[in-house]
Structure formats: C-alpha cells, structure tokens
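A short worksheet on the structure shown next.
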Amino acid sequence: MRAQLRRIQKSDAGTFGVLSVGTFQSYSGECPWRDNASGLSCIPPGVYKVAWAPSPRLKRNTYRLIDVPERSGVLIHSANYMGDRTIGLKCQLLGCIALGEKRGTMDGQTALLLSFPAVRRFEQYLDGQPFELEVADA
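Written as structure tokens, this is what we have:
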C-alpha cells in the first residue's frame, strides 16, 4: 500500500499538506525545510518505507519512517505546532510528521487542530500494516 503526502504550503510556521491513503485523508504538518537539519527540518521529498514499531519516547507503538537520509526517529504522531523554533515559534515536532483533522490558528500561529483524533483514525485505518509513503512538494 502506498500513501501520499502532498506539501501545499510552506512558511516559518511549518510545512502543511494533505496525507492520503486509500479512503483515508487528513491534513499534515511538518517543520519548515531547514536543509534536512535533524530536529529542525522536515524530511526531503522521496518514497519511504513505514513500519509500525515501538516508540520509547511516546511509550507506545507508532508509525516510523525507515531509511530517511541522515535522520532517525522520524515518526507520525500528534502535534499542533510545527514552527521554526530558532526564531521563537512554537514547535512540538523534531522532524516528524503530524496529522490533523483541521488546519487553523492557535495563539496567532498556523497550526493543526484535532491532531490526536486524526492520528488515531490513521492508525486504526492502517491497523499496524506497513506501507510506503511518497512525500512530494506541490
């Protein structure tokens, strides 16, 4: 199975797009592109294998991207903020991918809304099955 993440808006507040697989669709959020800097940047466009695996940090299983160039620990999880922390914006990601049911504004910053329910719906839809994720800029 192959999922697609299409990035449609980029700013210091984050990289926003849409993730779809089969009949599932949600908004996506990532850090801004910062030359693939670990913990600060979204990942490069490409096709990645994704596995259901334990996350010691999250203390549960979650989807983990495999073989991301010069990166490790890239997960799909819930988060509201994905701004550039080096210029003082709020960020709850370290280079991972967040999902949300809506996109909006929180505390004056573009954000994903209803992230936890979107991630749960995604995980239930895929039911722990591995897949490929194609990440592409618009």
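Each residue of the sequence shown is one higher than the last, beginning at 73 in the numbering used here.
Just so it is clear, CB atoms sit at the ideal spot from N, CA and C, and this is done for glycine as well.
Asked	Found
Among L166, S150, R193, H149, whose alpha-carbon lies nearest the alpha-carbon of R157?	L166
Report yes if the CB atom of K174 is closer than 9 Å to the CB atom of L161, and no otherwise.	no
If you pair each beta-carbon of the stretch 74-83 with each one of the stretch 91-110, do three or more pairs fall below 8 Å?	yes
Write down the C-beta distance between L205 and A75 rounded to the nearest angstrom, noting that I regard them as a contact closer than 8 Å.	5 Å
Could you tell me the alpha carbon to alpha carbon distance between E195 and T87, rounded to whole angstroms?	22 Å
How should N133 be labelled, buried or exposed, when 16 other C-beta atoms within 10 angstroms of its C-beta is the threshold for buried?	exposed
Determine the closest residue to G155 out of V146, D199, F203, R106, with distance taken between C-alpha atoms.	R106
Taking the beta strand (DSSP E) that L198 belongs to, which residues open and close that run?	Per DSSP, L198 belongs to no beta strand (DSSP E); it is in the alpha helix (DSSP H), 187-198.
Tell me whether the beta-carbon of A183 lies closer than 9 Å to the beta-carbon of G89.	no
In terms of residue numbering, what span does the beta strand (DSSP E) encompassing K121 cover?	118-127
Smallest Cα separation from A211: which of M73, D84, Q97?	Outside the shown range of the chain, which is 73 to 210, sits residue 211, and nothing can be said about it.
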